[in-house]
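J.: Numbered according to this note's numbering, the sequence shown spans residues 94 to 373.
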Amino acid sequence: MNRNHFIFAWAGNKRNEATQIVPFIKLNDIDTFIEPYCGSSAISVYLSNQGLNLNYILNDNDPQLIELYNIMKDDNEFINLEKQINNIIGDKDFNEAKYYELTAKDDLISYILARTIYYRRIGLFNSSKIRKHKTKVKYIGCPIHKFMQSQNTEMHNKNAIDIIKENIDNDKCVIYLDPPYLKTRNKDYYKNIDNYESIYTYLRTLKETKCKIYMSILMNEDLIKSLPNFTVVNQYDKVYCWGNKRVQTHVLLELNYCKIYKDNDILECINQDIQSLSLN
Ligand SMILES: C[S@@+](CC[C@H](N)C(=O)[O-])C[C@H]1O[C@@H](n2cnc3c(N)ncnc32)[C@H](O)[C@@H]1O
């Protein structure tokens, strides 16, 4: 288990799966890495820690998450935010009633508080965590802050499909998709619940793109079959230890983007076609 890189836990983050994902992504000849469903941006932080100085385009349809990222870019604002959270949880009069009063508000403090102190579900008071947090939170210098300070990042608060469309013709970028899993999506965490199927409907329409597109999904034969323009490039098991211990199989898909443009890609594509013909 790697140490949390973000300022609170982010459901479905890919921090502990980066080594099952990154080696299967073709990163040569690119200058931009895009996460249309960024959440805590675990894969971008991992790439940056590996020394990849790229343009990172991070998007999420959660407005407060993007507000938080924008604050991280400004040291003074981020220090101030850290102080505000510590003033609240370090206050000797902070209690359950105060917690519910603050988390009922629709502001960034409420958003962070509900995700920092909770029991089982976001927004449920947790007295033992309060005692733990009397030791104060430390945001400055944490991995996500360092990442935001050191890399060229661009933040957006749009629907993921719009971000894909805007970059589809950029042959210098990789788009990594990590949409909420259809089966296990966390309704407490993800604020804007839209039609989760729409991304797959859109991806099925893609034939020739200049950018490279990768996507993480839970192993689901039917979904994979319904995306014939994608290839499985890795499959791995993940053990979940909280709650009922269970194992789930995850899959990384790659769009068959290479029907185009670069000589090498065309060659690679022909090879893939030959391979698939001989398999059939
Ligand atoms: C599985 S999480 C991504 C986790 C991320 N890879 C990480 O390492 O933290 C999915 C994210 O997609 C966001 N989301 C859900 N629907 C979206 C949409 N239509 N457009 C953009 N973001 C969306 C959620 O807010 C959530 O942060």
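All residues carry an ideal CB built from backbone N, CA and C; glycine is no exception.
Note that the coordinates shown come from a computational prediction; the quantities given were computed from them, not determined experimentally.
Looking only at C-alpha atoms, which of GLN177, LEU140, GLN143, PRO129 sits nearest to ASP155?
T.: Your numbering for residue 155 matches position 62 in the sequence shown. Closest option to ASP155, Cα to Cα, is PRO129.
J.: I need the straight-line Cα distance from ASP271 to GLU259, nearest angstrom please.
T.: For the purposes of this step, residue 271 is identified with residue 178 of the sequence shown, where counting begins at 1. For the purposes of this step, residue 259 is identified with residue 166 of the sequence shown, where counting begins at 1. Taking the straight line joining both Cα atoms gives about 18 angstroms.
J.: For ASP330, I'd like the list of residues in its chain whose CB is within less than 8 angstroms of its CB, leaving aside the five on either flank, ordered along the chain.
T.: Here the question's residue 330 lines up with position 237 in the sequence shown. Within the same chain, ASP330 has close Cβ partners VAL340, GLN341, THR342, HIS343.
J.: Report all residues from its chain with a CB closer than 6 angstroms to the CB of SER141; omit the five preceding and five following residues, and keep chain order.
T.: Within the sequence shown, the letter at position 48 stands for residue 141. In chain order, PHE240, GLN244 place their CB closer than 6 angstroms to the CB of SER141, counting only its own chain and leaving out the 5 sequence neighbours on each side.
J.: Is the separation between the beta-carbon of SER309 and that of LYS107 shorter than 8 angstroms?
T.: Mapped onto the sequence shown, residue 309 falls at position 216. Mapped onto the sequence shown, residue 107 falls at position 14. Yes, these two residues count as a Cβ contact at 8 angstroms.
J.: In whole angstroms, what is the alpha-carbon distance linking GLU290 and LEU206?
T.: Taking the sequence shown and counting its residues from 1, the one referred to as residue 290 is at position 197. Taking the sequence shown and counting its residues from 1, the one referred to as residue 206 is at position 113. Each residue's Cα considered, the two are about 31 angstroms apart.
J.: Once DSSP output is grouped into helix, strand and coil, what is the label at VAL115?
T.: Taking the first residue of the sequence shown as position 1, residue 115 is located at position 22. Three-state DSSP puts VAL115 in a helix.
J.: Give the DSSP bridge partners of HIS249, in chain order.
T.: Numbered from its first residue, the sequence shown carries residue 249 at position 156. ASN152.
J.: From GLY144 to LEU158, what distance separates their C-alpha atoms?
T.: Taking the first residue of the sequence shown as position 1, residue 144 is located at position 51. Taking the first residue of the sequence shown as position 1, residue 158 is located at position 65. Computed Cα separation, rounded: 25 angstroms.
J.: I think LEU201 touches GLU160, with their Cβ atoms under 8 angstroms apart; what is that distance to the nearest whole Å?
T.: By 1-based counting over the sequence shown, the position of residue 201 is 108. By 1-based counting over the sequence shown, the position of residue 160 is 67. Contact holds; Cβ gap of about 6 angstroms.
J.: Please confirm whether any heavy atom of ligand 1 lies closer than 7 angstroms to the CB of CYS131.
T.: In the sequence shown, residue 131 corresponds to position 38, counting from 1. Within the cutoff, so yes.
J.: Report the three-state DSSP secondary structure of ARG213 (helix, strand or coil).
T.: Indexing the sequence shown from 1 puts residue 213 at position 120. Residue state, collapsed to three classes: coil.
J.: Under three-state DSSP, which class holds LEU145?
T.: Against the sequence shown, residue 145 aligns to sequence position 52. Correct three-state label for LEU145: coil.
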